[in-house]
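Residue numbers (my numbering): 7 to 487. For each residue, glycine too, the CB sits at the ideal point set by N, CA and C. Owing to the predicted nature of the structure, the values given are computational and were not obtained by experimental measurement. Quick notes on the structure that follows.
Written out as structure tokens, the structure is:
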């Protein structure tokens, strides 16, 4: 909330609602309760592979499509069961790299490819500077290259960066300046935004991290970003990019605590923002080792664990909520209550409005808080007592218009819940430049938008330059076609 010094003639309190994303929980009874698995999306399907269920690793493939989960039978050279691997979508193929196989000192260094149309697995014969075992690492596609920030190998924590060319199957070690690279870590998260690789957090063997690094492929340089309001230190969280914003969910904190928060990083502002989540039913969202996949503006989060509890569910987060309409308010409630006692009272009245067959007593000193009335009184109505005829406005509307100016609120009745009432009040507010009333009407009209009222409310927004209301109507139109 922003407040100025209180000397402005216009409303001097601005209330901005924080974005609220809707979250919907779904059951995944056909799937195992697992963590450290992977998920990718292809042709409006989500493919889940691998993971650990507290007893053993998996190498199954589960596909989610149109609200239904299906366990699929693959063929070819099927990978060994694993967790802590990565899966990267490249055209119609899923590249699975590394992972912990459940035994031995080191993790896997293999690269498997699944044809997502035929469900045929292939073990790739790679060449070049093979990075070695990879576990709890990250993998991100930029162009035709998969960038691996290696994380762990099953024994040590690492910070080497490699690229894998999906056209030539060639590995390359990327040489960067040592003191610019992120410190060694595993179980971090990563995402690509505008052809830059972002690495956040993780576990360095002794503590959890909350630093954020960016690798620019064009300059071959790392930079630590040091953004505003960084999330708590954590590991086992996930990130994804939607519309040039990076979303982070969950992760594990100290002493087996887990997070169930959604945070958004804006690369332009270099700042994190906590997003409020609104669920239809209360459920435990805090988890780590889950997977996170985006389709359009939707984020799909599957599985994971918190302590010894493994989740057998998934949920969807809508990242394109209705535009929030901000309403301007006068911030001194006691003054408004005092003005209320003078509403339509003859005492101290120095101007009378004539509307239809009624007259309304008013006070220039109160109305002059608004610039248009102030100019009217300076140039047009200088007499001590003045009668002003108001045309083209019903008395009932004008009464509420005047009441709002005195009190910052309306006298509600059944009629005032209608689109027509708020249209007329919005028209008055727009004509007389009553900004707080205008934003109030925009908010109320947005609550009345449905498939039937949308065309006329959108037209009113265009006619009266109600920008916030117009944006809401456009959002509703895009989401309900």
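Close beta carbons around residue 259, own chain, < 8 Å, minus the five adjacent residues each side: For the purposes of this step, residue 259 is identified with residue 253 of the chain shown, where counting begins at 1. Same-chain partners within the cutoff: 214, 238, 239, 240, 265.
Of the residues 142, 318, 198, 247, the one placed nearest residue 190, counting alpha carbons only: Sequence index remark: in the chain shown, residue 190 carries index 184 (1-based). Nearest C-alpha to residue 190: 142.
Three-state secondary structure (DSSP) of residue 178: Start at 1 with the first residue of the chain shown, and residue 178 comes out as number 172. Strand.
Cβ-Cβ distance between residue 207 and residue 201 below 9 Å: In the chain shown, the residue the question calls residue 207 occupies position 201. In the chain shown, the residue the question calls residue 201 occupies position 195. No; because the gap between Cβ atoms is not below 9 Å, this pair is not in contact.
Chain B contact for residue 180 (CB, 9 Å cutoff): Among the protein chains of the structure shown there is no chain B, as only one such chain exists.
Stretch pair the stretch 468-485 + the stretch 363-381: three plus CB contacts closer than 8 Å: no
Contacting residues, own chain, Cβ-Cβ under 6 Å from residue 312 (five flanking each side not counted): Taking the first residue of the chain shown as position 1, residue 312 is located at position 306. Once the five neighbours on either side are set aside, the close Cβ partners of residue 312 are 264, 292, 293.
For residue 403 and residue 427, the rounded distance between their alpha carbons: Here residue 427 corresponds to residue number 421 of the chain shown, with the count starting at 1. Here residue 403 corresponds to residue number 397 of the chain shown, with the count starting at 1. Going from the Cα of residue 427 to the Cα of residue 403 covers about 7 Å.
9 Å Cβ cutoff met for residue 310 and residue 300: Counting from 1 along the chain shown, the entry for residue 310 is found at position 304. Counting from 1 along the chain shown, the entry for residue 300 is found at position 294. Cβ atoms of residue 310 and residue 300: not closer than 9 Å.
Classification of residue 128 by the beta-carbon crowding that lies within 10 angstroms, buried from 16 upward: Mapped onto the chain shown, residue 128 falls at position 122. Result: exposed.
Three-pair Cβ contact test at 8 Å for the stretch 278-285 versus the stretch 23-32: yes
Under the three-state DSSP convention, the category residue 300 falls into: Residue numbering aside, residue 300 sits at position 294 when the chain shown is read from its first letter. Looking at residue 300 - three-state DSSP - the assignment turns out to be strand.
Residue 306 (DSSP reduced to helix, strand or coil): Here residue 306 is taken as the residue at index 300 of the chain shown, counted from 1. Three-state result, residue 306: strand.
Distance, residue 58 Cα to residue 108 Cα: Within the chain shown, residue 108 is the residue found at index 102, counting from 1. Within the chain shown, residue 58 is the residue found at index 52, counting from 1. Distance between the alpha carbons of residue 108 and residue 58: 9 Å.
Classification of residue 116 by the beta-carbon crowding that lies within 10 angstroms, buried from 16 upward: In the chain shown, counting from the first residue as 1, residue 116 sits at position 110. With 16 or more Cβ atoms within 10 Å of its Cβ, residue 116 is classed as buried.
Environment of residue 333 [buried if 16+ CB atoms lie within 10 Å]: Your numbering for residue 333 matches position 327 in the chain shown. Under this definition residue 333 is a buried residue.
CB of residue 330 within 9 Å of CB of residue 356, strictly: As a position in the chain shown, residue 330 is number 324, starting the count at 1. As a position in the chain shown, residue 356 is number 350, starting the count at 1. Not a contact, by the Cβ cut-off of 9 Å.
Nearest-angstrom Cα separation, counted from residue 327 out to residue 458: As a working mapping, residue 458 is identified with position 452 in the chain shown. As a working mapping, residue 327 is identified with position 321 in the chain shown. Approximately 21 Å, taken between the alpha carbons.
Residue from 384, 162, 168, 308 whose Cα sits closest to the Cα of residue 209: Your numbering for residue 209 matches position 203 in the chain shown. Comparing Cα positions, the closest option is 162.
Counted within 10 angstroms of its Cβ, other Cβ atoms place residue 160 as buried (16 or more) or exposed: In the chain shown, the residue the question calls residue 160 occupies position 154. Classification of residue 160: buried, given that the 10 Å Cβ count is 16 or more.
Which listed residue (48, 486, 69) has its alpha carbon closest to that of residue 38: Taking the chain shown and counting its residues from 1, one reaches residue 38 at position 32. The residue with the shortest Cα to Cα distance from residue 38 is 69.
Sub-9 Å separation of residue 101 and residue 40 beta-carbons: Numbered from its first residue, the chain shown carries residue 101 at position 95. Numbered from its first residue, the chain shown carries residue 40 at position 34. Contact flag unset, no.
Rounded separation between residue 84 and residue 49 - CA only: For the purposes of this step, residue 84 is identified with residue 78 of the chain shown, where counting begins at 1. For the purposes of this step, residue 49 is identified with residue 43 of the chain shown, where counting begins at 1. Using only the alpha carbons, I get a separation of about 22 Å.
Host beta strand (DSSP E) of residue 418 (start-end): For the purposes of this step, residue 418 is taken as residue 412 along the chain shown, with counting starting at 1. Per DSSP, residue 418 belongs to no beta strand (DSSP E) and is neither H nor E.
Start-end ranges of the beta strand (DSSP E) lying completely within the stretch 313-353, minimum 3 residues: 319-324, 333-335
Cα-Cα separation, residue 472 to residue 485: Along the chain shown, read from residue 1 onward, the residue named residue 472 stands at position 466. Along the chain shown, read from residue 1 onward, the residue named residue 485 stands at position 479. Taking the straight line joining both Cα atoms gives about 20 Å.
Inter-residue Cα distance where the pair is residue 395 and residue 343: Your numbering for residue 395 matches position 389 in the chain shown. Your numbering for residue 343 matches position 337 in the chain shown. Taking the straight line joining both Cα atoms gives about 27 Å.
Beta carbon of residue 67 nearer than 9 Å to that of residue 120: On the chain shown, position 61 is the one that residue 67 refers to. On the chain shown, position 114 is the one that residue 120 refers to. Against a cut-off of 9 Å, the Cβ pair of residue 120 and residue 67 comes out as a contact.
Check whether residue 430 and residue 400 have beta carbons under 9 Å apart: On the chain shown, position 424 is the one that residue 430 refers to. On the chain shown, position 394 is the one that residue 400 refers to. Cβ distance < 9 Å, so residue 430 and residue 400 count as in contact.
Residue interval of the beta strand (DSSP E) (run including residue 168): Reading the chain shown from its first residue, position 162 is the one you call residue 168. Where residue 168 is concerned, the enclosing beta strand (DSSP E) stretches over 167-171.
Alpha carbon of residue 449 to alpha carbon of residue 165, nearest angstrom: Numbered from 1 along the chain shown, position 443 holds the residue referred to as residue 449. Numbered from 1 along the chain shown, position 159 holds the residue referred to as residue 165. So the alpha carbons of these two residues sit roughly 50 Å apart.
Environment of residue 385 [buried if 16+ CB atoms lie within 10 Å]: What you label residue 385 is simply residue 379 of the chain shown in a count that begins at 1. Exposed, since its Cβ has fewer than 16 Cβ neighbours within 10 Å.
Contact set for residue 110: own chain, Cβ-Cβ below 8 Å, skip 5 residues either direction: On the chain shown, residue 110 is found 104 positions in, with the first residue counted as 1. If we look at residue 110 and ignore the five residues flanking it on each side, its Cβ neighbours are 160.
Where residue 458 sits in the DSSP three-state scheme: In the chain shown, residue 458 corresponds to position 452, counting from 1. Looking at residue 458 - three-state DSSP - the assignment turns out to be coil, as it is neither helix nor strand.
Range covered by the beta strand (DSSP E) that runs through residue 92: Mapped onto the chain shown, residue 92 falls at position 86. Its beta strand (DSSP E) spans residues 92-96.
Collapsed DSSP secondary structure at residue 200 in the structure displayed: Position 194 of the chain shown holds residue 200. Coil, per DSSP.
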